[in-house]
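The opening position of the sequence shown corresponds to residue 130 in the working numbering, with each subsequent residue numbered one higher.
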Amino acid sequence: MKQKKAYTYRFYPNDEQKHILAQTFGCCRYVYNWALRERTDAYYQRGERLYYEGTAERMVLLKKQEETMWLNEVSSVPLQQSLRHLDKSFRNFFEGRANYPTFKKKHNQQSATYASNAFTWKAGSLTLAKMDTPLDITFHRSLPDRCKPSSVTVTKDEAERYFISILVEEDIKPLEVPPKMIGLDLGLKSMVITSDGQTHGNPKYFARDEKKLAHAQRQHAKKKKGSKNRNKARLKVARIHQKMADRRKDYQHKLSTHVIRENQVVCVESLQVKNMVANHCLAKAISDVGWSEFVRQLEYKAEWYGRTLVKIDKWYPSSKRCFDCGHVLDSLSLDVRHWICPECGVAHDRDINAAQNILAAGLAVAACGEAVRPGAVKTKSGKPPRSRKASQR
Ligand SMILES: [Zn+2]
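This is the structure:
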């Protein structure tokens, strides 16, 4: 089966390329923010829904206006792609998977996507539209043979590093079918607890640079606004952030690949991370473990390798339910790590019991062909969830 797969590499632009990219990023950001405003206004002021086509038509006019003529200086392809990205953000919002799109800021990560008509690819060398020379890419691992990239995305992160993500279609062969099934629970003391009692990922490992970060942030706050030193300090903060994020992502990738390789069916609980982050004392721990990113990786890797990923409704009482007899406790506060079932007397480790319940529920869901897509459940205070069970796409 042909699957789309992105390969990401670091690259080192020369001064001219840096200049063109800076311009392109700026224009993409401008167009994205402009279209977000257009779509928001259309909806709130006139009750109209504007889609990609509508914004693309308006952009043609925008580019003819005197004060936004500079948009014509960059390749038009990444600008259209920005509109597509916005369209996707809106779709995610309307389907309950994400918050309302927000404006892009200058100091956050910048990106521009080039479709195949805006770059040339010749024997491993890649030249973007408006550039004379190919990018100096560090191919730390090779692309599949004879691949033809369908699009590339250039990003500059907060630490001012440049990356290129090359999207190719690849024949990924499903892995052999192992008879194993597993349930995963999100923990606070470890990132993942499996139904067979293993724990993975200690949050302390991810938070190793925390002190350094706090120090750098204090230094940054002390510097005069707009000064060169402040910018330097900002970069330093960004670099530490980036390093921590890289370490976490690397760990998540290794673990998600391992889980998918070893198991045919993987059951996870879907958490409304957003809601939990609002709970202040948990916020840090939960953002740190990055559960939603981990589940996202499991999702696409399951698709690549022909595995089944079952997401359990977040309303399922996985922690409070006794795996042995099915008794459900009225409440179980977060600091209780071990408990004894009042009904059957079995002693439980909180997290392992939850992971076992998740596996059982996942198998039940998979067996009756009914999938629970908790991503579609949106809860806002006072509003009941639209539907508890929506069918899988
Ligand atoms: Zn029990």
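All residues carry an ideal CB built from backbone N, CA and C; glycine is no exception.
| query | result |
| --- | --- |
| Paired residues, beta bridge with Cys257 - DSSP | Residue 257 is actually Leu in this sequence, not Cys. Looking at the DSSP assignment, Leu257 forms a beta bridge with Phe248. |
| Nearest-angstrom Cα separation, counted from Gly253 out to Met130 | 24 Å |
| 4 or more residues per run - each alpha helix (DSSP H) lying fully within the stretch 139–201 | 144–175, 181–191 |
| Burial state of Cys454 (16 or more Cβ within 10 Å) | exposed |
| Residue(s) in a DSSP beta bridge with Asn454 | In the sequence under discussion, the amino acid at residue 454 is Cys, which differs from the Asn named in the question. According to DSSP, Cys454 bridges with nothing at all. |
| Residues surrounding ligand 1 [beta-carbon distance to nearest heavy atom under 6 Å] | Cys451, Asp453, Cys454, His456, Cys470, Glu472, Cys473, Val475 |
| Inter-residue spacing [alpha-carbon to alpha-carbon] between Tyr141 and Asn246 | 23 Å |
| Inter-residue spacing [alpha-carbon to alpha-carbon] between Tyr173 and Phe222 | 16 Å |
| Assigned exposure category for Gly176 - 16 Cβ within 10 Å defines buried | exposed |
| Environment of Val203 [buried if 16+ CB atoms lie within 10 Å] | buried |
| Buried versus exposed, by CB contacts within 10 Å (16 or more), Gly355 | exposed |
| Segment limits, beta strand (DSSP E) that includes Glu299 | 291–300 |
| Within 7 Å, strictly: CB atoms of Thr184 and Ala171 | no |
| Three-state class that DSSP yields for Trp420 in the structure shown | helix |
| Sequence-distant residues of the same chain with beta carbon closer than 8 Å to Ser460, five excluded per side | Lys449 |
| Buried versus exposed call for Tyr334 [16 or more other C-beta atoms within 10 Å across all chains shown] | exposed |
| Nearest residue (CA-CA) to Arg359, options Leu427, Ala345, Arg139, Gln371 | Ala345 |
| Cβ contact check for the stretch 298–309 and the stretch 250–268: 3 or more pairs under 8 Å | no |
| Cβ-based burial, Val281 [other Cβ within 10 Å; buried from 16] | buried |
| Local conformation of Val397 per DSSP, three classes | strand |
| Residue environment, Asn237, which counts as buried when at least 16 other CB atoms sit within 10 Å | exposed |
| Option nearest Thr249 by Cα separation, candidates Ser279, Thr231, His269 | Ser279 |
| Beta-carbon separation (whole angstroms), Ile389 vs Val395, contact threshold 8 Å | 7 Å |
| Per DSSP, the bridge partner or partners of Asp478 | His467 |
| Backbone secondary structure at Thr437 - three-state DSSP | strand |
| Neighbourhood of His467 by C-beta distance below 7 Å, restricted to the same chain and skipping five residues each side | Ala476, His477, Asp478, Arg479 |
| Under the three-state DSSP convention, the category Lys378 falls into | helix |
| Assigned exposure category for Cys473 - 16 Cβ within 10 Å defines buried | exposed |
| Which listed residue (Met188, Arg139, Thr267, Ile149) has its alpha carbon closest to that of Tyr159 | Met188 |
| Distance between Lys430 and Leu315 (C-alpha atoms, nearest Å) | 19 Å |
| Closest by C-alpha distance to Leu304, when choosing among Arg166, Arg363, Tyr434 | Tyr434 |
| Thr267 vs Arg139 beta-carbon contact at 7 Å | yes |
| Supposed contact pair Ser399 and Lys443 - C-beta distance, whole angstroms, cut 8 Å | 5 Å |
| Alpha-carbon to alpha-carbon, His456 and Cys470 | 8 Å |
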